[in-house]
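Participant: In the working numbering, the protein residues as written are 433 to 616.
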């Protein structure tokens with residue numbers, strides 16, 4: 433397993449991963465999610481050019497999973513993380529999220545956030561196992577409220593959804609006094 437930044441040539445493969453990762457939703461009575469189009473190539477390329485698209489690859493360097501993220505209100509917001517079902521249950525999604533946590537920490541972002549389906553086993557319950565907690569309405573930032581509103585316009589509120597957060601220890605605040613001469 434190797435995590436690297438996405439390349440332009442990877443982008444059609446990311447769409448294939450997304451289509452395959454959507455199929456299990458069909459068995460849960462969520463065909464609209466299963467049939468949803470993957471992110472368009474120009475959107476994926478925007479994440480790639482911004483340095484916020486990563487892939488996890490197999491031994492042949494072919495992507496089997498990916499993650500794209502946005503900075504939102506002082507956190508790294510996971511816009512999408514998907515692993516091809518043929519590579520599922522190997523810790524690849526967790527590895528991508530761990531990689532993002534390192535990236536966010538380096539940039540002083542204090543947390544990871546995401547929105548997800550609350551009742552889908554590989555969604556909210558999975559993220560809870562990875563250290564995320566569900567935010568209540570009062571904890572939502574303006575950016576998260578906007579994301580949820582966009583999701584509702586897209587019809588995702590047909591099923592229960594939640595916002596989740598995982599704090600990044602030591603990020604967002606440098607406790608060392610200024611002027612010590614130390615560099616990070």
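For every residue, glycine included, the Cβ atom is placed at its ideal position computed from N, Cα and C.
Are residue 541 and residue 533 closer than 7 Å when you measure CB to CB?
Facilitator: No, the Cβ-Cβ distance between residue 541 and residue 533 is not below 7 Å.
Participant: Measure the alpha-carbon distance for residue 580 versus residue 489 and round it to whole angstroms.
Facilitator: Roughly 31 Å separates the two Cα atoms.
Participant: Verify whether the separation of the beta carbon atoms of residue 508 and residue 527 is less than 7 Å.
Facilitator: No; because the gap between Cβ atoms is not below 7 Å, this pair is not in contact.
Participant: From the DSSP output, read off the bridge partner residues of residue 596.
Facilitator: Answer is 546, 566, bridged to residue 596.
Participant: May I ask you to report which of helix, strand or coil DSSP gives residue 481?
Facilitator: Note: residue 481 maps to helix in three-state DSSP.
Participant: Residues in its own chain within less than 7 Å of residue 511 by CB, not counting five upstream and five downstream?
Facilitator: Excluding residues within five positions, the ones whose Cβ falls inside 7 Å are 500, 501, 502.
Participant: Using the rule of at least 16 other Cβ atoms within 10 Å of the residue's Cβ for burial, across every protein chain shown, is residue 556 buried or exposed?
Facilitator: When all chains shown are included, residue 556 counts as buried.
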